[in-house]
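Residue numbers (numbering that gives the first Met the number 0), protein chains in the order written: chain A, 0 to 492; chain B, 0 to 492.
Glycine included, C-beta positions come from ideal geometry on N, C-alpha and C.
Report on the structure given below.
There are 2 protein chains.
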Amino acid sequence: MMSFKPKRIPIRVGHRYVAILNETSAEKLDVRASERIDLFVGKKELTAIVDITDNKELKDNQIGLFAETWDKLGVTSRNTIKVKVAPKPQADQHIKEKLEGERLTAKEMDIIVKDIVNDDLSDIEMTYFVAGCFTRGLSDRETADLTKAIVKHGGKLTFRHKIVMDKHCIGGVPGNRTTMLVVPMITALGYVMPKTSSRAITSPSGTADTMEVVANVKNDVDTLKKIAKKAGGFITWGGGVDLAAADDKLIRVRYPLKLDPQGMLLASIMAKKYSVSSNNVIIDIPMGDQGKVKTKKEANVLKKRFLRIAKLLGMKMKVVITSADQPVGYGIGPLFEVEDIMKILKNEPGAPEDLKKKSIMLVTELLYLTGKYKFKYQAKKEARAVLETGKAWKQFQKIVKAQGKKRLPKRGEHTFVVKAKKAGTIKSIHNKLIANIARTAGAPQDKGAGIIIHKKIGDIIKKGEPLYTVYTENKTRITYVKKLQYRKAYTIK
Amino acid sequence: MMSFKPKRIPIRVGHRYVAILNETSAEKLDVRASERIDLFVGKKELTAIVDITDNKELKDNQIGLFAETWDKLGVTSRNTIKVKVAPKPQADQHIKEKLEGERLTAKEMDIIVKDIVNDDLSDIEMTYFVAGCFTRGLSDRETADLTKAIVKHGGKLTFRHKIVMDKHCIGGVPGNRTTMLVVPMITALGYVMPKTSSRAITSPSGTADTMEVVANVKNDVDTLKKIAKKAGGFITWGGGVDLAAADDKLIRVRYPLKLDPQGMLLASIMAKKYSVSSNNVIIDIPMGDQGKVKTKKEANVLKKRFLRIAKLLGMKMKVVITSADQPVGYGIGPLFEVEDIMKILKNEPGAPEDLKKKSIMLVTELLYLTGKYKFKYQAKKEARAVLETGKAWKQFQKIVKAQGKKRLPKRGEHTFVVKAKKAGTIKSIHNKLIANIARTAGAPQDKGAGIIIHKKIGDIIKKGEPLYTVYTENKTRITYVKKLQYRKAYTIK
Numbered sequence: 000m001m002s003f004k005p006k007r008i009p010i011r012v013g014h015r016y017v018a019i020l021n022e023t024s025a026e027k028l029d030v031r032a033s034e035r036i037d038l039f040v041g042k043k044e045l046t047a048i049v050d051i052t053d054n055k056e057l058k059d060n061q062i063g064l065f066a067e068t069w070d071k072l073g074v075t076s077r078n079t080i081k082v083k084v085a086p087k088p089q090a091d092q093h094i095k096e097k098l099e100g101e102r103l104t105a106k107e108m109d110i111i112v113k114d115i116v117n118d119d120l121s122d123i124e125m126t127y128f129v130a131g132c133f134t135r136g137l138s139d140r141e142t143a144d145l146t147k148a149i150v151k152h153g154g155k156l157t158f159r160h161k162i163v164m165d166k167h168c169i170g171g172v173p174g175n176r177t178t179m180l181v182v183p184m185i186t187a188l189g190y191v192m193p194k195t196s197s198r199a200i201t202s203p204s205g206t207a208d209t210m211e212v213v214a215n216v217k218n219d220v221d222t223l224k225k226i227a228k229k230a231g232g233f234i235t236w237g238g239g240v241d242l243a244a245a246d247d248k249l250i251r252v253r254y255p256l257k258l259d260p261q262g263m264l265l266a267s268i269m270a271k272k273y274s275v276s277s278n279n280v281i282i283d284i285p286m287g288d289q290g291k292v293k294t295k296k297e298a299n300v301l302k303k304r305f306l307r308i309a310k311l312l313g314m315k316m317k318v319v320i321t322s323a324d325q326p327v328g329y330g331i332g333p334l335f336e337v338e339d340i341m342k343i344l345k346n347e348p349g350a351p352e353d354l355k356k357k358s359i360m361l362v363t364e365l366l367y368l369t370g371k372y373k374f375k376y377q378a379k380k381e382a383r384a385v386l387e388t389g390k391a392w393k394q395f396q397k398i399v400k401a402q403g404k405k406r407l408p409k410r411g412e413h414t415f416v417v418k419a420k421k422a423g424t425i426k427s428i429h430n431k432l433i434a435n436i437a438r439t440a441g442a443p444q445d446k447g448a449g450i451i452i453h454k455k456i457g458d459i460i461k462k463g464e465p466l467y468t469v470y471t472e473n474k475t476r477i478t479y480v481k482k483l484q485y486r487k488a489y490t491i492k
Numbered sequence: 000m001m002s003f004k005p006k007r008i009p010i011r012v013g014h015r016y017v018a019i020l021n022e023t024s025a026e027k028l029d030v031r032a033s034e035r036i037d038l039f040v041g042k043k044e045l046t047a048i049v050d051i052t053d054n055k056e057l058k059d060n061q062i063g064l065f066a067e068t069w070d071k072l073g074v075t076s077r078n079t080i081k082v083k084v085a086p087k088p089q090a091d092q093h094i095k096e097k098l099e100g101e102r103l104t105a106k107e108m109d110i111i112v113k114d115i116v117n118d119d120l121s122d123i124e125m126t127y128f129v130a131g132c133f134t135r136g137l138s139d140r141e142t143a144d145l146t147k148a149i150v151k152h153g154g155k156l157t158f159r160h161k162i163v164m165d166k167h168c169i170g171g172v173p174g175n176r177t178t179m180l181v182v183p184m185i186t187a188l189g190y191v192m193p194k195t196s197s198r199a200i201t202s203p204s205g206t207a208d209t210m211e212v213v214a215n216v217k218n219d220v221d222t223l224k225k226i227a228k229k230a231g232g233f234i235t236w237g238g239g240v241d242l243a244a245a246d247d248k249l250i251r252v253r254y255p256l257k258l259d260p261q262g263m264l265l266a267s268i269m270a271k272k273y274s275v276s277s278n279n280v281i282i283d284i285p286m287g288d289q290g291k292v293k294t295k296k297e298a299n300v301l302k303k304r305f306l307r308i309a310k311l312l313g314m315k316m317k318v319v320i321t322s323a324d325q326p327v328g329y330g331i332g333p334l335f336e337v338e339d340i341m342k343i344l345k346n347e348p349g350a351p352e353d354l355k356k357k358s359i360m361l362v363t364e365l366l367y368l369t370g371k372y373k374f375k376y377q378a379k380k381e382a383r384a385v386l387e388t389g390k391a392w393k394q395f396q397k398i399v400k401a402q403g404k405k406r407l408p409k410r411g412e413h414t415f416v417v418k419a420k421k422a423g424t425i426k427s428i429h430n431k432l433i434a435n436i437a438r439t440a441g442a443p444q445d446k447g448a449g450i451i452i453h454k455k456i457g458d459i460i461k462k463g464e465p466l467y468t469v470y471t472e473n474k475t476r477i478t479y480v481k482k483l484q485y486r487k488a489y490t491i492k
């Protein structure tokens, strides 16, 4: 045990406690950068990660404490801090085992996640864990155990209802905003559906971005409980809810290399469901040349993994494989997607039939999953009715109100219409290019930026008819769009 | 490009340039923690790694610069700093490829090492590289390419001599201090031998620790050049020479999990040889139940890897497989090992025959490797002669003088003699336990602490005769030694 005088380093470094020693003190303590030391002041105790500076910066009897470490210990410069090397986190051994190709037990996974959540692991150690999961893979049991551990060492939202509904789509298809229809439909039927959604990373809009056009999506756990009580459900931004702390920390180290170990992705998805007590879940896997999943075979492998993990978690699950061949609906970008949804909910003319049909299918499957219907057509009838009678629309307004209603923005005032250069039939639509054009137009940051597509695969088109219209809030963005290969978004034959 | 006013964070964080933004600025710049930004002030430009703090700590127009970043840019608080997101380091893609199991080309390996040396990679990225090498392995070509890259982006010591000798032992055997005999013998014969050695990590002494008993071992490159000119060679601490910067940085991220990817270990060894221009190298692989390498098969696999990599680097190499069954020599611990070496060099009675014989064998092989001898016995004759005529002893003194002679310390004054409980023949000696006892006695920090063993395998012993003597500088350490299973160090049958 060595004693030091504290020196405050007037800055917070975020997401960890850091203490700085000079080279001489570090050598005496036999501690290296990124290792941990235990700090003691009076009855307070804190484990901090060590950084090492040269002897000019700190005296041998000084320890530098970053603002959060200083505050957490509640010290003043007159205090003396006792320091000893902290034992290695238990997680280290199991992380090494994973790198060596071993399977981890539930207990070992729990130890790792606990150490992550307690900030007991450095970036280096967390990175090794991600690398181990990436290169060696996670079995279904490991994935279920990781999910449980994430939820155990995070928060959990519970409901008194027996059935808690949820859905997830693996993404990759522009305009595919079924969540904003499924949640009001399901909750209008009296079920609870606490849906957390993500923002766009590389797409023109995530469900959270689109929902944000009409309602507030940054809600903490207590607020969400109140909203669920009022409206039976919500559509909120998952990143704003602090339910899966370990997952957030792992995503941070996955980010630099954009590493997506499949087991970790699945655990991340399942933890979001498990942490809101969902037990009746539908998974949508869009499949096709342009999808994240390319082939039927691949889709079936993923489907089976989902089902096995759900079983291990005690969840009922239905997995549907859908088409990733073209955008769903007409609007792409936050506001335009909202417009599609409103038309469907209000049974207005011009509502996109494909988005409506898909949402009814998803709701049907969810209802049928409960086991309350003898035949699927009965569930389908109910799903269609809740939409067409306007009940879902009422429910949508209720949810929006509970989350905090927003005023609709205007469509971007600058437009660019792409017209057919020849007559024929639409053979294909290039999803990635469409997404890229919408992002270049300003989506999702500019809520009123995006695309309305006028034609779908199989539609017949005349020469000069509009294929799609780009909307931007900022005129120069049209110039950027024109630099893209915007003509290649459609193939006409 | 955004503009900020700099705020000095009065501390150095070592081994990297760090800048801090508040959450709002980071979001505006679309940059995350551990990503890089380019900083511009006047004509100066610097890439820094981003840390993110909350909005209370920094204003939206402020950027926090740690001391080394502040100094490197030479700013004052009146400057304005222009900031843009730096392009991703090229290395990232290749690191990801390695994690995915691909082989890296020489060019790709070079890009990774260059980015490491330039501090362009965060701990997270370097850790992924180590994890990729660990889980996917490195081929011999990749290992050679990594070696070349480490040396290219480090320093290199060159000599006008055609032949530059070197040796390496993979370690694991207490007392095995052949380097301190081989270097004077080889250099006495007119060859250059620039030997860098390591300190103990888990053993009672490394060659650098033992050499440090008689001479200074912390020398920079310029000093080493002078020493080599004067004495034809040196035995210096590799950690004090800044020739393989990339290797040092990789070791730092390998340390927390004690990960030793074989290819990386080999590249680390070979880079030490390659960076001092060695082209005639002998490798010693002690093999046996107690060794790092357990079986003949394992030893042969490693031997072949060494030879193939050497070939790719244009080095002549001989690999010998030796015994790891018991300590070499009598002394264990810095001073006691020096005593053995001096007795051999001075041809004094009581010199350990095994250490002498092994050193002559290594020198013979090195001489024969040059191709200057038709028969090996000729080389052996010369090796023996240089030792027995006292030429090597003279040469040893010359090297010691060139490096800076030290006064010999005294033996630890407190001793503990372990005696045989029965008569019989020595069947085995427990290397790890012997090493542990010597470390507990204070080696290598206390130069006069350690063990002298009195009996070797095959020796006949009477009841009550001493097996080994423990020396300590600090009496309480004897108590600690007595708590170990010191009786189990020898098996008598």
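Between D53/A and chain B, the shortest Cβ-Cβ separation is below 9 Å. Sorting I451/A, V417/A, D288/A, M269/A by C-alpha distance to the C-alpha of G237/A places M269/A at the top. The shortest CA-to-CA distance from V213/A to any of K302/A, V275/A, S274/A, F335/A is the one to F335/A.
For the set A442/A, I428/A, I491/A, P255/A, the Cα lying nearest the Cα of G463/A is the one of I491/A. Judged by DSSP in its simplified three-state form, F128/B adopts helix.
No Cβ of chain B is located within less than 9 Å of the beta carbon of I281/A. Within the DSSP secondary-structure output, S322/A pairs in a beta bridge with M286/A. Put simply, of R11/B, T126/B, H167/B, K257/B the residue whose alpha carbon is nearest the alpha carbon of I320/B is H167/B. At least one C-beta of chain B is nearer than 9 Å to the C-beta of D122/A. Judged by pairs of C-beta atoms under 8 Å, the region 121-136 of chain A does not touch the region 227-246 of chain A, as fewer than three such pairs exist.
M1/B carries a strand assignment under DSSP once its states are collapsed to helix, strand and coil. Between the alpha carbons of T294/B and D288/B lies a gap of roughly 7 Å.
At least one CB atom of chain B sits nearer than 9 Å to the CB of V252/A.
Contact annotation: G449/A and S204/A have beta-carbon atoms nearer than 9 Å. For the region 70-93 of chain B, residues whose beta-carbon sits nearer than 7 Å to a beta-carbon of chain A comprise D91. Annotation: the continuous alpha helix (DSSP H) that includes S267/B extends over 261-273. DSSP places Q61/B in the uninterrupted beta strand (DSSP E) bounded by 61-65. If you compare the alpha carbons of A323/B, E387/B, K461/B, V280/B with that of I162/B, the shortest gap goes to V280/B. No residue range can be given for K55/B, since it is assigned to no alpha helix (DSSP H) and is classified by DSSP as neither H nor E. Residue-level contact by beta carbon fails for D59/B and chain A, as no gap is shorter than 9 Å. In summary, N218/A is buried, with 16 or more beta-carbon neighbours lying within 10 Å of its beta-carbon over all protein chains present. Within the model, the alpha-carbon separation for Y489/A versus G457/A is close to 12 Å.
Its Cα nearest to that of G370/B, the residue N278/B stands out among K229/B, D283/B, N278/B. A Cβ-Cβ separation of about 13 Å leaves L72/B out of contact with G63/B under the 8 Å criterion.
For A32/A, the CB contacts under 7 Å within the same chain, skipping 5 residues up- and downstream, are V49, D50, I51 in chain order. Rounded to the nearest angstrom, the Cβ distance from L432/B to K481/B is 13 Å, too far for a contact under 8 Å. For S33/A, the neighbours in chain B by C-beta distance under 9 Å run, in chain order, D122, R251, V252, Y254, P255. Approximately 4 Å separates the beta-carbon atoms of T142/A and G262/A; this is inside 8 Å, confirming the contact. Under the Cβ criterion of 9 Å, I8/A is counted among the residues facing chain B. A straight-line Cα-Cα distance of about 56 Å links I477/A and E22/A. For the 9 Å CB-CB criterion, L365/A and I185/A form a contact. For the set R15/A, V12/A, A25/A, S2/A, the Cα lying nearest the Cα of G41/A is the one of S2/A. DSSP places V182/A outside any beta strand (DSSP E); the residue lies instead in the alpha helix (DSSP H), whose first and last residues are 178-187.
Counting along the chain, V469/B sits inside the beta strand (DSSP E) bounded by residues 465-471. Around the CB of Q325/B, 16 or more other CB atoms lie within 10 Å, so the residue is classed as buried.
Under DSSP, F133/B takes part in no beta bridge, so it has no partner.
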